[in-house]
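Counting from 1, one number per residue, gives the positions in the sequence shown under full-length UniProt numbering. The C-beta atom is built at its ideal place from N, Cα and C for all residues, glycine as well. Here the structure is a predicted model, which means the values were calculated and not measured.
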Amino acid sequence: MKLRKLFAGVAAAATLLGGMAFGATTANAADTASITLSGKTVKGTVYTAYKIGSYDTASAKVEKDKLASVGVTTDQAWKTDAENVLGSTVTNTPEYKGYGDPLAYVAGTTGYYTNTPATLPNASATMESFVQSLAGKLDGKTAVDPSQTVANDNDKVVFSGLDEGLYLIVSKTDTEPATDAGSPLAIVGTQVTVNGTAYTKLGANNQTLGKAVVKPSTPQKPSKSASDLNPYVGATITYTLEGTVPAKANSFKFVDTPSAGLTVKLDTLKVNVQGETDPLANTEYTVDPASGDFNTSAAKPSFTIALNNATKYQGKHIVVKYNALVNKKANVNGTNNDVRFDNSNQTTTTTITPQLNTVTFTKKGVDADTNALKGVVFQIVADTNNATPLPDGTATEATSGDKGVVTFSGLPNGTYTITEKTPADGYLTTALPSFTVTVENGKVTNVTPTGVGAGLVTFENGYANIVVKNVKKITQLPLTGAAGTMLFTVVAVLLAGVAATVFAKSRFTKRALDA
């Protein structure tokens with residue numbers, strides 16, 4: 001069997017939980033031990049200690065007057081619960097059998113202080129999750145008497161007259177229910193006495209034993225991510241929410257607050273336990289509202305996902321996925337989607353920045369309308385050669401305003417055809433301008449004038465300044481392209497008419513002379 005040693009890892013465990021970190025200490029008498037908590041303690045908080053493990057001093061190793069390692073065993077009252085916390089995935093392994101004891105295994109397996117749950121065989125086997133889950137096994141356990149209540153903020157808390165060993169420290173505020181045993185902070189080891197000498201440092205890093213510093217705790221925050229941080233209006237985004245159910249949780253709920261620019265498709269929502277292929281049955285959780293589309297409002301700004309039996313999933317990592325549509329209310333400067341756990345002010349925000357593809361151009365006329373032409377109606381359609389569907393609700397017509405500006409916005413990436421539909425009064429109706437435009441990631445990337453009025457569409461500075469003109473007479477059309485061809489066709493028709501008239505008159509004159 002492997003030597004069951006308490007390495008510096010158990011001392012380091014305090015830095016992983018509830019903001020505990022070890023400070024300096026002095027040696028206590030060999031026949032008694034103590035644990036001192038200092039730092040940011042809060043008035044009214046009650047601290048309780050539970051002895052969960054003992055030292056095997058016969059296996060202790062002292063090198064150069066320093067304690068290098070010491071064996072540790074789980075106290076009998078805690079052994080079964082500690083093994084259940086680790087789970088059969090761990091306890092059936094040859095490595096665990098080599099230790100033969102849950103605390104020895106956790107203390108001696110350094111990976112549990114550095115690895116994330118995703119890389120371990122069982123998420124509860126991390127030191128943090130181990131302590132969280134162990135704190136859920138307090139029923140029937142004997143606590144150190146008495147518990148210690150903080151009289152004033154920042155007061156020290158001292159547990160004295162202790163047997164040497166490992167202690168689980170839990171805290172409870174005066175606002176928590178009387179039925180709540182408290183929240184876990186850390187596993188703290190006392191001094192170790194070997195052959196009459198009390199050691200208060202452990203391992204090569206001189207981890208301090210018997211003292212810990214309380215730091216302000218930070219409530220758990222959920223994580224949130226989006227499949228596309230730069231979508232277009234009309235695009236569908238998949239959001240992922242994640243969070244771990246606390247060890248003592250009686251309830252567990254995500255509170256999700258999307259911005260007005262997102263329409264949540266609740267019928268797409270799925271809930272999984274991390275590592276499991278199949279999603280949970282919808283009887284395992286409750287979504288409010290239950291189905292349909294959700295749009296935030298003053299009356300109901302958030303929707304929620306709550307586990308119906310949180311105790312069943314204590315220590316499990318929950319993953320929620322759903323789809324949301326980017327709608328026309330999306331803010332070009334960023335559309336937020338916030339998530340928090342119920343009864344927590346720790347919010348995680350995922351921001352998407354919609355690519356609000358916009359085509360803007362200036363409508364100009366002639367004479368008094370040289371700078372701007374008001375009241376001209378344009379139509380946009382998917383280009384026939386490169387059809388890009390327009391999202392439902394997209395405005396397909398736009399009218400030039402006082403300054404002649406015409407805007408089509410909220411367009412997906414793609415190519416479109418814009419055509420003048422209704423010219424202003426007094427302007428030519430037989431040579432209406434038309435052009436194709438390509439938009440991509442918020443920019444106009446190409447403009448191609450088309451049709452008889454092609455010469456009426458001009459652009460400069462790339463495609464930043466697009467101008468579309470109207471004319472009142474055919475002679476005002478630019479003599480290029482289709483417009484020039486049309487003008488020459490009209491002139492040819494007029495000349496043909498003149499020729500026909502001259503020919504008719506010459507025949508009439510000839511008949512008169514022959515009479």
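Worksheet item: Is it the case that the Cβ atoms of L390 and A330 are separated by a distance below 9 angstroms?
Response: No, the Cβ-Cβ distance between L390 and A330 is not below 9 angstroms.
Item to complete: Decide if S223 is buried, meaning its Cβ has at least 16 other Cβ atoms within 10 Å, or exposed.
Response: Exposed, since its Cβ has fewer than 16 Cβ neighbours within 10 Å.
Worksheet item: Are three or more beta carbon pairs between the stretch 46 to 54 and the stretch 71 to 82 nearer than 8 angstroms?
Response: Counting C-beta pairs closer than 8 angstroms gives three or more between the stretch 46 to 54 and the stretch 71 to 82, which meets the contact rule.
Worksheet item: In this structure, what does DSSP give as the bridge partners for Q148?
Response: Paired residues: Y47.
Item to complete: Compare the beta carbon distance of N446 and T415 with 9 angstroms and say whether it is the shorter of the two.
Response: Yes, Cβ-Cβ distance for N446 and T415 is below 9 angstroms.
Item to complete: Identify whether V406 lies in helix, strand or coil by the three-state DSSP scheme.
Response: Looking at V406 - three-state DSSP - the assignment turns out to be strand.
Worksheet item: Ordered along the chain, which non-local residues of its own chain (more than five positions away) have a Cβ less than 6 angstroms from that of K270?
Response: Within the same chain, K270 has close Cβ partners P279, K321.
Worksheet item: Cβ of N336 within 9 angstroms of Cβ of T350?
Response: Judged by their CB atoms, N336 and T350 are nearer to each other than the 9 angstroms cut-off.
Worksheet entry | Residues near S291 by beta carbon distance below 7 angstroms, same chain, minus five either side | Cβ neighbours of S291 beyond the five flanking positions: L266, D267.
Discussion item. Is it the case that the stretch 355 to 374 contacts the stretch 238 to 258, given that we only count it when at least three CB pairs across the two stretches are under 8 angstroms?
Written reply: No: fewer than three Cβ pairs fall under 8 angstroms.
Worksheet entry | Other residues of its chain near K43: CB distance less than 6 angstroms, five sequence neighbours each side excluded | Hits under 6 angstroms: V150, N152, D153.
Worksheet item: Secondary structure at A107, three-state DSSP: helix, strand or coil?
Response: For A107, the three-state secondary structure derived from DSSP is helix.
Discussion item. Between S409, Q379, T394, D402, which has its C-alpha nearest N357's C-alpha?
Written reply: Measuring from the Cα of N357, the nearest candidate turns out to be S409.
Practice prompt. Drop a sphere of 10 angstroms on the beta-carbon of S400, count the other beta-carbons inside from all chains shown, and report buried for 16 or more, exposed for fewer.
Written response: The residue in question, S400, is buried, as its Cβ has 16 or more Cβ neighbours within 10 Å.
Discussion item. Out of T384, Q76, L373, K300, which one is the CA nearest neighbour of G140?
Written reply: With respect to the C-alpha of G140, the residue from T384, Q76, L373, K300 having the closest C-alpha is Q76.
Worksheet item: Would you call Q314 buried or exposed, if buried means 16 or more other Cβ atoms sit within 10 Å of its Cβ?
Response: By the 10 Å Cβ count, Q314 comes out buried.
Worksheet item: With a cut-off of 8 angstroms, do at least 3 Cβ pairs link the stretch 227 to 234 to the stretch 293 to 302?
Response: With the cut-off at 8 angstroms, the stretch 227 to 234 and the stretch 293 to 302 do not touch.
Item to complete: Could you tell me the boundaries of the alpha helix (DSSP H) in which G414 lies?
Response: No alpha helix (DSSP H) contains G414, which is instead part of the beta strand (DSSP E) from 414 to 422.
Discussion item. Any contact between the stretch 374 to 384 and the stretch 417 to 433? By contact I mean 3 or more CB pairs, one from each, below 8 angstroms.
Written reply: By the Cβ test, the stretch 374 to 384 is in contact with the stretch 417 to 433, since at least three Cβ pairs between them sit closer than 8 angstroms.
Worksheet item: Hey, out of I169, K364, P102, whose CA is closest to T458's CA?
Response: The shortest C-alpha separation from T458 is found at K364.
Worksheet item: Does DSSP classify V319 as helix, strand or coil?
Response: DSSP places V319 in strand when its eight states are reduced to three.
Discussion item. What does the alpha-carbon distance come out to for the pair H317 and L86?
Written reply: Roughly 15 angstroms separates the two Cα atoms.
Item to complete: Report the three-state DSSP secondary structure of A135 (helix, strand or coil).
Response: Helix.
Worksheet item: Can you tell me whether K2 is buried or exposed, with buried defined as 16 or more other CB within 10 angstroms of its CB?
Response: Here K2 scores only 39 on pLDDT, less than 50, and its place in the model is too uncertain to base an answer on.
Item to complete: Alpha carbon to alpha carbon, how far is G98 from T283? Give it in angstroms, no decimals.
Response: In this structure, the alpha-carbon of T283 lies about 42 angstroms from that of G98.
Worksheet item: Terminal residues of the continuous beta strand (DSSP E) containing D267?
Response: DSSP places D267 inside the beta strand (DSSP E), whose first and last residues are 262 to 273.
Discussion item. Once DSSP output is grouped into helix, strand and coil, what is the label at P389?
Written reply: Note: P389 maps to coil in three-state DSSP.
Worksheet item: What is the DSSP secondary structure of A82, reduced to helix, strand or coil?
Response: Of the three classes helix, strand and coil, the one that applies to A82 here is helix, per DSSP.
Practice prompt. Apply the 10 Å Cβ neighbour rule to residue 567 and answer buried if 16 or more other Cβ atoms are within range, or exposed otherwise.
Written response: Beyond the ends of the chain as shown, which are 1 and 515, falls residue 567; an answer cannot be given.
Practice prompt. Using 10 angstroms around the beta-carbon of A100, count the other beta-carbons present and answer buried if the total reaches 16, otherwise exposed.
Written response: Contrary to the premise, residue 100 reads as Gly rather than Ala in this sequence. When all chains shown are included, G100 counts as exposed.
Worksheet item: DSSP state of T142, grouped into three classes?
Response: Correct three-state label for T142: coil.
Practice prompt. Please report the Cβ distance between T311 and N250, rounded to the nearest whole angstrom; I am assuming they are in contact, meaning their Cβ atoms lie under 8 angstroms.
Written response: Yes, T311 and N250 are in contact; Cβ-Cβ is about 6 angstroms, under 8 angstroms.
Practice prompt. Measure how close the beta-carbons of S38 and V188 come, nearest whole angstrom, since I'm counting them as under 8 angstroms.
Written response: No, S38 and V188 are not in contact; Cβ-Cβ is about 12 angstroms, not under 8 angstroms.
Discussion item. Which same chain residues end up closer than 8 angstroms to K156 when comparing Cβ atoms and leaving out the 5 residues on each side of it in sequence?
Written reply: Within the same chain, and ignoring the five residues on either side of K156 in sequence, the residues whose Cβ sits closer than 8 angstroms to its Cβ are T36, L37, S38, T41.
Fill in: Run of the beta strand (DSSP E) containing G375, from where it starts to where it stops
Where G375 is concerned, there is no enclosing beta strand (DSSP E), given that its DSSP letter is neither H nor E.
Worksheet entry | DSSP beta-bridge partners of S302 | The partner list for S302 (beta bridge, DSSP) is empty, contrary to what the question assumes.
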